[in-house]
Every structure is written in C-alpha cells, then in structure tokens.
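Quick note: the sequence shown, position 321, residue 321 per full-length UniProt numbering, numbers continuous.
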Amino acid sequence: MEAPLFEMLAWHELVEAERQQPGGRLFISDYNGGHPFVEEYLGELARTPPYRLADVTRYAGIDEDSALRSKIAELHRRHDGVEYSPGQVIPAAGSSGLLGTFSLWLTLSGIKRVHYLPPVYYKLAYFFRTFGIEPVKAAHRHAHQPDPDLRLPDERTVLIMTDPVWYAGRRVPRHLLEYIGDWQRDTGSLVFVDGTFQYMRWDGELREDSALLPAEQTLRLVCPTKYLSIHGYRCARNDAVPPSSSRHGSGSLSHAAVFAYCPPATEANRLTTGTVASRSRPLRYRAASTETFIVLAASCSVSAFRSTTGSPSSGPAATDSVLNPGLP
Numbered sequence: 001m002e003a004p005l006f007e008m009l010a011w012h013e014l015v016e017a018e019r020q021q022p023g024g025r026l027f028i029s030d031y032n033g034g035h036p037f038v039e040e041y042l043g044e045l046a047r048t049p050p051y052r053l054a055d056v057t058r059y060a061g062i063d064e065d066s067a068l069r070s071k072i073a074e075l076h077r078r079h080d081g082v083e084y085s086p087g088q089v090i091p092a093a094g095s096s097g098l099l100g101t102f103s104l105w106l107t108l109s110g111i112k113r114v115h116y117l118p119p120v121y122y123k124l125a126y127f128f129r130t131f132g133i134e135p136v137k138a139a140h141r142h143a144h145q146p147d148p149d150l151r152l153p154d155e156r157t158v159l160i161m162t163d164p165v166w167y168a169g170r171r172v173p174r175h176l177l178e179y180i181g182d183w184q185r186d187t188g189s190l191v192f193v194d195g196t197f198q199y200m201r202w203d204g205e206l207r208e209d210s211a212l213l214p215a216e217q218t219l220r221l222v223c224p225t226k227y228l229s230i231h232g233y234r235c236a237r238n239d240a241v242p243p244s245s246s247r248h249g250s251g252s253l254s255h256a257a258v259f260a261y262c263p264p265a266t267e268a269n270r271l272t273t274g275t276v277a278s279r280s281r282p283l284r285y286r287a288a289s290t291e292t293f294i295v296l297a298a299s300c301s302v303s304a305f306r307s308t309t310g311s312p313s314s315g316p317a318a319t320d321s322v323l324n325p326g327l328p
C-alpha cells in the first residue's frame, strides 16, 4: 500500500504534466509577483548588479561567512531568546535544496522510516520516494486544525513538521509544540521544522514558538527570502545545535557535495561520534556549492556536529566536517 504522502505527490505530478502540455493551463504563483517594500528593506542594494558587490572571479563560501553567521545567531537571540553560536547557524542555497540535503543525510545515517505531521512540502515526498524513506503519518488532520489527533510513537524517531502551514497561513498552536517538545525529551527524538515561512506574523510578534523545542534535538529551516519576497537571490538557513556538545565543527552539504571515505584511523576521524551507512567508516565531505549569492546570500545545510575530543577543529580541517548520524 502506497504511503499517503506519495499519493499526494502523484497528484502534483499530474498537475505538472498537464501544465507542460501545449496550450496547458497557466500557473501563476507568488514568485510571479513583487514586493512593494523591497527597496525600503535593501536600499540601493535592490538595484545593484551582483557583479558590483563582490569579485565574481573568486569563490564565495557563504557557509564560511563568520559575520553572517554571527548576525543570524544574534537575530535569534533577540527574537526567540535562544542562544545559538555562529557555528550552529549554517547558511546555504535554498529551502528545497536543504530538504534534499536532509533526506540524503537521513539515508546516509541508515534511517529508512520517519514520522511526519501533515502537511509537509511535496518536495519532501519526492525526496523520500527517491531515497526509499518510508513516511509515516502521525496525525489524521493538519497541524493547524483543532484536535489533529496526534499519535506520536513511544520510541526514538525523526518527526518532520511544517510551521507555519503555508497554504493556510496558520501557525502550529503553541500547546501542540509544547506537547511535541515533551515527547522529544521523553524519547530522545529529532524534530525537523520546515519553518520556511516563519517570521511573517501580522501581529508584529517576533518570537517563533518552534524555538520552544529542545534546541539540541531540533533542526530549524528558515528562509528569509520568503518574508522579503526577494525571488532573484534565494536564501535560507538551518539552525542546529549538536546534542550534548561543548565544541562542534560545522559543514555545508550543498547541491553538489563531494563525498569521500577516509581511513578510520586518522586523527580527524577521532572527532566523530558515529559512522555512516555500514557504521564502520565515518564520512567526510567538503562543500562544493554550485551557486553564490551576494545579497542575503544562499542556503543552509543540515547540521552542526559534536566532537568527542572536547577540542575545536583548527587549520584546514576546520572547513571539512565529519558527518555524525547521532540518530537511531
């Protein structure tokens, strides 16, 4: 029997196939629109070509921009009252790409079954089907609806949810997030919050209630271009706190990541707390981003990683991180 999430994906694919037929329906989305206040937000940058903002002959690693990371961490401290270090904020290339990164990370970690609180974005359904991940529905109703009949397992797992619910313009109720947070603490489960449309509240409130979830067990995806309606240059970020850590490395796994297995006996590999796939050899990767963003630049990757040594990475090795599943 096909998972309900995959049934929904089939409908999306039918609509897309019809749209691409000659004379097919015209599909108009918010991406065809503009933002009346974009120049107020960006000033002269809104009219400045990217090639005038930086040396286009040089590689720009947004994930290595310490100033950008620090400013994002400060934003969360002021808005949410949550303390993230710059190393726990990983900029990268867009929400959809990061959903793919997250799905790949689950696969490399040997996780083939996850739970989700509907609705979730259809691209997650595509990635799960592609990577052979079974999505298990954890509620009959959507997260913003009264009495969603939430049924969370009494075991350690991965729960995926969306807050706010994009099609309804509604947020996940605070009491439901508090319940999920208690469940996380009891089971040690990881929650991935697709918060692509967060920080858009009409009432002017700055805090997002998903910040209430235990930071060491939560990945938060945020996409600033959604609330700025900047469609030419896309950006997103993922805020991740590694479990029980005092020091951590970080890394970006972007659209074109280059993977290579390293011998397990190397000094760098002593930083790992887990292994990948066969659980015999850790996986190192170096980011190889295919895109560079100048204004509010680029996307984010899946996590920050803890170190068993208690000492920070240094030198060239600091730009390479060891992927730590840290999950069942």
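Glycine is no exception: its CB is placed at the ideal position from the N, C-alpha and C atoms.
Original post:
Which of the three DSSP states, helix, strand or coil, is assigned to Gln140?
Top reply: What sits at residue 140 in the sequence shown is His, not Gln. Here His140 sits in coil by DSSP.
Original post:
Buried or exposed: Tyr116, going by 16 or more other Cβ atoms within 10 Å of its Cβ?
Top reply: buried
Subject >> Under the three-state DSSP convention, the category Glu134 falls into >> reply: strand
Original post:
Among Gln88, Ala138, Gly195, Arg201, which has the Cα closest to the Cα of Ala3?
Top reply: Ala138
Original post:
Taking Cβ positions, are Arg129 and Leu14 nearer each other than 8 Å?
Top reply: no
Original post:
Where in the UniProt domain "Aminotransferase class I/classII large" (55-203) do unbroken runs of the alpha helix (DSSP H), each at least 4 residues long, occur, reported from the N-terminal end onward?
Top reply: 66-80, 95-108, 122-131, 174-187
Original post:
How many angstroms separate the CA atom of Glu208 from the CA atom of Glu7?
Top reply: 31 Å
Original post:
So, is His175 buried or exposed, given that buried needs 16 or more other C-beta atoms within 10 angstroms?
Top reply: exposed
Subject >> CA-to-CA distance, Cys223 to Ser254, given in whole angstroms >> reply: Only weak support exists for where Ser254 lies, its pLDDT of 28 falling under 50; the value from the coordinates is given anyway. So the alpha carbons of these two residues sit roughly 15 Å apart.
Original post:
If you draw a straight line from the C-alpha of Leu206 to the C-alpha of Thr157, how long is it?
Top reply: 30 Å
**OP:** For Thr48, write down the residues that DSSP places opposite it in a beta bridge.
**Re:** None, per the DSSP bridge assignment.
Original post:
Contact check, Pro135 vs Val114 under 8 Å by CB: the rounded distance?
Top reply: 6 Å
**OP:** Can you give me the Cβ contacts of Arg185 inside the same chain, cut-off strictly under 7 Å, excluding the 5 residues immediately before and after it?
**Re:** Pro214
Original post:
Is DSSP giving Gly43 helix, strand or coil here?
Top reply: helix
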